[in-house]
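A.B. asks:
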Amino acid sequence: MPKFSIIIPVYNVEKYIKRCLDSVINQSYNNYEIIVVDDGCTDNSIKIAKNYPAKIISNKHVSVSEARNIGVKHAKGEYLLFLDSDDYWDKRLLENIINSMNNDPDLIRFQVRTVTDQNETTNYNEISFQNKNGPEAFKLISNFHFVESVWCYAIKRNYYFREKFEFKKGMVHEDFGLTPLLIIKAKKVNSIGYIGYNYFRRKGSIMNNPDYEWIKIKVRDFYNHYKYLIEEIDKTNIDSKLFKSFIANSLILKICELNKKEYKQYKNKLKKDKVYENLLTDTLPRKIKKIIIKISPKMFYMFFKR
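Heads up, the sequence shown is in the working numbering, so the first residue is 7 and it goes up one at a time.
As structure tokens, then:
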């Protein structure tokens, strides 16, 4: 059995796929399988991928979320890793993850560097910890710069299947609809300080589309993910106050991307669905924050960080 299954959805990234796959095969640790999911490519991406020791699964174009689900179904490794095809790893990432596995964790968090088209880089140095349960880990990770991005976690496959996790089909912001549950339901979570994931911010990527109709789709899907997360956490006995406050904050911030008409509609929808009531009020600053947000989310997020 390979230690890792590395799942890479691929859709028309011929300019970046070689760098991505090179970063895997050049790892200092090599007990892994590469699963490339061809998400209906029409360029040379898969032709390039065939030059690598990867299992290639061809499919019609179905979206990143479903492509990841397909990859998981074919995975044989002890741990799952998701790698976006325009991103890439540092050479010692797998080695550093392996060195954090002595306590058999359900989830291992590693850290991220952003890289732009202009080769500008930003490192996000987050704290290390070991052997935290889900709620303890969530309290710490919720303060990290990247929280929901599934590609900065190694996930034990048995845990993933036991909890029947999957990405929502045909929806964007699919990480937001899953990763918070991956964290808080875990029995043991480790975080390593190693910055091993290079998140490439490129123009024209699916999440950087500036079209306003696309923004409305993203907000709609984000709202549906929020409702799903609430439903799922309410099925557990986990203390979920912080969890609910985090996802409520995330949703409230998301609607601020909308223009006046749609923003007002969602603002009223949040009130009707009692989203604001999930914000924590255990300190005076948080009480004040809740009051201001209920009046105007845009005003609050214009002047204060989440």
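For each residue, glycine too, the CB sits at the ideal point set by N, CA and C.
1) Determine the direct distance from the alpha carbon of residue 154 to that of residue 76, and round the result to whole angstroms.
2) How about residue 9 and residue 85: do their beta carbons lie closer than 8 Å?
3) I'd like to know whether the C-beta atoms of residue 87 and residue 160 end up nearer to each other than 8 Å.
4) Given that a residue counts as buried once 16 or more other Cβ atoms are within 10 Å of its Cβ, and exposed if not, what is residue 173?
5) Applying the criterion that 16 or more other CB atoms from any shown protein chain within 10 Å of the CB defines a buried residue, is residue 13 buried or exposed?
6) Between which two residues does the alpha helix (DSSP H) holding residue 73 run?
7) Please look up how many angstroms separate the CB atoms of residue 134 and residue 190, rounded, as I've assumed it's under 8 Å.
8) Whose CA, out of 51, 248, 257 and 240, lies closest to the CA of residue 272?
9) Taking the Cβ atom as the reference point for each residue, do residue 158 and residue 200 lie within a distance shorter than 8 Å?
10) Would you please state the rounded distance, in angstroms, between the beta carbons of residue 49 and residue 63? I believe it to be under 8 Å.
11) Could you tell me the alpha carbon to alpha carbon distance between residue 299 and residue 306, rounded to whole angstroms?
12) Count the other CB atoms within 10 Å of the CB of residue 218; is the residue buried (16 or more) or exposed (fewer)?
13) Check whether the Cβ atoms of residue 239 and residue 247 lie closer than 8 Å to each other.
14) May I ask you to verify whether the segment 221 to 240 touches the segment 177 to 186, counting CB pairs closer than 8 Å and requiring at least 3?
15) Run the CB neighbour count on residue 74, radius 10 Å, all protein chains shown included, and call it buried at 16 or more, exposed below.
16) What ranges does the alpha helix (DSSP H) occupy inside the segment 158 to 184, keeping only unbroken runs of at least 4 residues that lie completely in it?
17) Anyone know if the C-beta pair for residue 261 and residue 186 falls short of 8 Å?
18) In this structure, how does DSSP classify residue 31 when only helix, strand and coil are distinguished?
19) Going along the chain, which residues of its own chain have a beta-carbon closer than 8 Å to the beta-carbon of residue 18, five neighbours each way excluded?
20) What residue range does the beta strand (DSSP E) around residue 119 cover?
21) Taking one C-beta from the segment 116 to 127 and one from the segment 24 to 35 each time, how about it: are there three or more such pairs within less than 8 Å?
22) Measure the C-alpha to C-alpha separation of residue 37 and residue 82 and round it to an integer number of angstroms.
23) Please go through the same chain and pick out, in chain order, the residues whose beta-carbon is closer than 6 Å to the beta-carbon of residue 221, but skip the five residues on each side of it.
24) Counting C-beta neighbours from all protein chains within 10 Å, is the total for residue 72 16 or more, i.e. buried, or is it exposed?
25) Do you know offhand how far residue 231's Cα is from residue 284's?
26) Compute the Euclidean distance between the alpha carbons of residue 32 and residue 103, then round it to the nearest angstrom.
27) Run through DSSP, which three-state label would residue 55 get?
C.D. replies: Reading it off the structure:
1) As a working mapping, residue 76 is identified with position 70 in the sequence shown. As a working mapping, residue 154 is identified with position 148 in the sequence shown. Computed Cα separation, rounded: 20 Å.
2) By one-based count along the sequence shown, residue 9 stands at place 3. By one-based count along the sequence shown, residue 85 stands at place 79. Contact flag set, yes.
3) What you label residue 87 is simply residue 81 of the sequence shown in a count that begins at 1. What you label residue 160 is simply residue 154 of the sequence shown in a count that begins at 1. Yes, the Cβ-Cβ distance between residue 87 and residue 160 is below 8 Å.
4) Against the sequence shown, residue 173 aligns to sequence position 167. Classification for residue 173: buried.
5) As a working mapping, residue 13 is identified with position 7 in the sequence shown. Counting Cβ neighbours within 10 Å, residue 13 comes out buried, since at least 16 surround it.
6) Along the sequence shown, one-based indexing puts residue 73 at 67. Taken as a continuous stretch (DSSP letters only), the alpha helix (DSSP H) holding residue 73 covers 70 to 79.
7) Within the sequence shown, residue 134 is the residue found at index 128, counting from 1. Within the sequence shown, residue 190 is the residue found at index 184, counting from 1. Not really, about 19 Å apart at Cβ, beyond 8 Å.
8) Here residue 272 refers to the residue found at position 266 when the sequence shown is read from its first residue. Residue 257 is the option with its Cα nearest to residue 272.
9) In the sequence shown, the residue the question calls residue 158 occupies position 152. In the sequence shown, the residue the question calls residue 200 occupies position 194. Cβ distance not < 8 Å, so residue 158 and residue 200 don't count as in contact.
10) Counted from its first residue, the sequence shown places residue 49 at position 43. Counted from its first residue, the sequence shown places residue 63 at position 57. Not really, about 17 Å apart at Cβ, beyond 8 Å.
11) By one-based count along the sequence shown, residue 299 stands at place 293. By one-based count along the sequence shown, residue 306 stands at place 300. Taking the straight line joining both Cα atoms gives about 6 Å.
12) Translated into the one-based positions of the sequence shown, residue 218 becomes position 212. With fewer than 16 other Cβ atoms within 10 Å, it is exposed.
13) Numbered from its first residue, the sequence shown carries residue 239 at position 233. Numbered from its first residue, the sequence shown carries residue 247 at position 241. No, the Cβ-Cβ distance between residue 239 and residue 247 is not below 8 Å.
14) yes
15) Within the sequence shown, residue 74 is the residue found at index 68, counting from 1. Counting Cβ neighbours within 10 Å, residue 74 comes out buried, since at least 16 surround it.
16) 163 to 168
17) Working through the sequence shown from its first residue, we reach residue 261 at position 255. Working through the sequence shown from its first residue, we reach residue 186 at position 180. Contact flag unset, no.
18) For the purposes of this step, residue 31 is taken as the residue at position 25 of the sequence shown. Note: residue 31 maps to helix in three-state DSSP.
19) Counted from its first residue, the sequence shown places residue 18 at position 12. Closer than 8 Å at Cβ, skipping near neighbours: 47, 48, 49 and 51.
20) In the sequence shown, the residue the question calls residue 119 occupies position 113. 113 to 122 is the extent of the beta strand (DSSP E) around residue 119.
21) no
22) For the purposes of this step, residue 37 is identified with residue 31 of the sequence shown, where counting begins at 1. For the purposes of this step, residue 82 is identified with residue 76 of the sequence shown, where counting begins at 1. Whole-angstrom Cα-Cα distance: 12 Å.
23) Numbered from its first residue, the sequence shown carries residue 221 at position 215. Excluding sequence neighbours, residue 221 sits near 263.
24) Residue mapping note: residue 72 aligns to position 66 of the sequence shown, counting from 1. Counting Cβ neighbours within 10 Å, residue 72 comes out buried, since at least 16 surround it.
25) On the sequence shown, residue 231 is found 225 positions in, with the first residue counted as 1. On the sequence shown, residue 284 is found 278 positions in, with the first residue counted as 1. Their backbone Cα atoms lie some 15 Å apart in a straight line.
26) Counting from 1 along the sequence shown, the entry for residue 32 is found at position 26. Counting from 1 along the sequence shown, the entry for residue 103 is found at position 97. Roughly 15 Å between the two C-alpha positions.
27) In the sequence shown, counting from the first residue as 1, residue 55 sits at position 49. Correct three-state label for residue 55: helix.
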